[in-house]
Every structure is written in C-alpha cells, then in structure tokens.
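Just below is one structure, and these are the notes that go with it.
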Amino acid sequence: MKTTAKNILLKNRMAYIIVMLVFGCLSVFGQKIDSNKIWLKPKAKVASRIPVIKGSVQPYRPSYNVIASSNSSSETTRDKTLKTLTILKIYPNPVAEQLNINLRLEKETNVSIKITDLLGNDIITLSNEKMPAGEHTKTYSMPAKLNAGIYFLRIVAGGEPLIKRISVL
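Put into structure tokens, the structure is as follows:
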C-alpha cells in the first residue's frame with residue numbers, strides 16, 4: 001500500500017477527531033469544582049440581628065397626671081385613699097356550696113357582686129347593695145344551676161371593678 005499525502009492527511013484528521021472526542025467527553029462528563037462554595041476569605045460575622053431603625057422617632061413615654069408634692073408619704077396615703085375597694089380574701093376556692101368574701105371599703109359606696117363565665121356573660125348577681133366603710137365578710141350560697149367549671153367573681157365598688165377567678169365544683 002502506498003501512502004499518499006492524502007491518506008496521511010486523512011489519518012491525521014481521524015486521529016485528531018478521536019482525540020477531540022475522548023477529551024471532549026471527559027470534559028462533559030467529568031466533575032467540575034463548584035466555584036460558589038469555595039471562598040478564600042471567611043464571611044463577615046453579623047454583629048447583631050436586631051434591626052437598626054434610622055430616623056428621629058422619639059420613644060413613647062406616657063405622662064402621668066400626678067400632682068408633685070414635697071412629701072413622699074402623702075403620695076402613698078393619697079394612692080391608698082384613691083382605692084375604694086380592697087379584697088382581702090375569697091374562700092374556699094374551689095367552691096362547693098357556699099362562698100365567703102372578705103373585703104374592705106374605704107368609704108360608704110354601692111357594691112355589686114356578680115359571677116360571670118369565661119366569656120364575660122353575667123350568670124348570677126349575688127349582691128347589689130350600699131355598704132358602709134370598713135371590713136365586711138359576706139357569705140353567699142352557690143346556686144344549683146351553676147355547672148362545675150371556672151368562673152369569675154366581679155366586684156364593683158364605686159365604679160372600681162375587681163375581678164377574681166373562682167372554681168366551682
């Protein structure tokens with residue numbers, strides 16, 4: 001067989017194509033380094049996760065209408081006299097048959113005692129009467145129509161409500 005220049009050129013082209021296919025397949029099917037995960041510098045640490053509010057917003061500070069006085073003891077006595085009703089004790093809790101309420105009034109006022117459910121609906125009015133100043137102990141029998149559960153005892157004296165939780169057996 002005679003090798004001509006044409007045959008040599010054809011063989012060189014075939015070798016070139018084979019080499020290109022081999023290296024081309026390796027580059028297509030080979031693994032590449034994920035450049036997104038390689039960092040030369042470490043990431044900067046976040047100093048705080050609390051957002052910084054930029055602006056000139058004044059913080060809210062409620063103002064109280066307190067008359068300034070030179071004597072601090074008169075302020076404490078004034079606070080005590082502003083409170084008309086003080087509940088000293090509600091017993092027994094949980095309640096089975098009767099409820100005892102020990103309360104103190106600073107002045108003569110109209111007192112309303114009601115039992116309400118968890119939704120705030122009035123169930124029973126135990127008392128609605130005018131009481132003199134001083135300590136009072138009242139005893140109320142629990143009505144039979146009251147189911148076992150949690151109720152609230154709402155005592156209002158002179159527009160000042162106090163709410164206590166009671167359990168009925």
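All residue numbers for the sequence shown refer to this note's numbering, where the first residue is 1 and numbers rise by one.
Heads up, the beta-carbon is just placed ideally off N, CA and C, and yes, glycines get one too.
* Is it buried or exposed for residue 19, if we count other Cβ within 10 angstroms and need 16 for buried? -> Counting of Cβ neighbours within 10 angstroms places residue 19 among the exposed residues, the total staying below 16.
* For residue 95, the residue or residues it bridges with in DSSP -> Answer by DSSP bridge pairing, in chain order: 168.
* **Validate contact between the stretch 127-140 and the stretch 101-111 using beta carbons, cut 8 angstroms, 3 pairs** => Here the stretch 127-140 makes contact with the stretch 101-111; the two share three or more CB pairs at distances below 8 angstroms.
* Asked: How many angstroms separate the CA atom of residue 159 from the CA atom of residue 52?
  -> The alpha-carbon atoms of residue 159 and residue 52 are separated by roughly 44 angstroms.
* To do: For residue 128, collect the residues of the same chain with a Cβ closer than 7 angstroms to its Cβ; drop the 5 residues on either side in sequence, then sort them by chain order.
  => Residues 112 of the same chain have their beta carbon placed closer than 7 angstroms to that of residue 128, with the five preceding and five following residues left out of the count.
* DSSP state of residue 146, grouped into three classes? -> If DSSP states are grouped into helix, strand and coil, residue 146 belongs with coil.
* **Test item: CB-CB of residue 84 and residue 157 under 7 angstroms** => Contact flag set, yes.
* Asked: By Cβ distance below 7 angstroms, which residues in the same chain neighbour residue 116 in space, the five residues on each side in sequence not counted?
  -> So the list reads 122, 123, 151, 152 and 154, once near-sequence residues are dropped.
* Asked: Can you tell me whether DSSP reads residue 52 as helix, strand or coil?
  -> DSSP places residue 52 in coil when its eight states are reduced to three.
* By DSSP, does residue 133 sit in helix, in strand, or in coil? -> Collapsing the DSSP output to three states places residue 133 in coil.
* Does DSSP classify residue 9 as helix, strand or coil? -> Assignment of residue 9 by DSSP, reduced to helix, strand and coil, places it in the helix class.
* If we ignore side chains and look at the alpha-carbon of each, how far apart do residue 96 and residue 145 end up? -> Between residue 96 and residue 145, the C-alpha separation is close to 13 angstroms.
* Asked: Since residue 109 is in the beta strand (DSSP E), which residue starts that stretch and which ends it?
  -> Start and end: 109-116.
* To do: Rank 13, 61, 164 and 55 by C-alpha distance to the C-alpha of residue 120 and give the top, closest one.
  => Comparing alpha carbon positions, the residue from 13, 61, 164 and 55 closest to residue 120 is 164.
* Excluding sequence positions up to five away, which residues of its chain have a Cβ less than 7 angstroms from the Cβ of residue 162? -> Within the same chain, and ignoring the five residues on either side of residue 162 in sequence, the residues whose Cβ sits closer than 7 angstroms to its Cβ are 85, 87 and 155.
* Is DSSP giving residue 14 helix, strand or coil here? -> If DSSP states are grouped into helix, strand and coil, residue 14 belongs with the helices.
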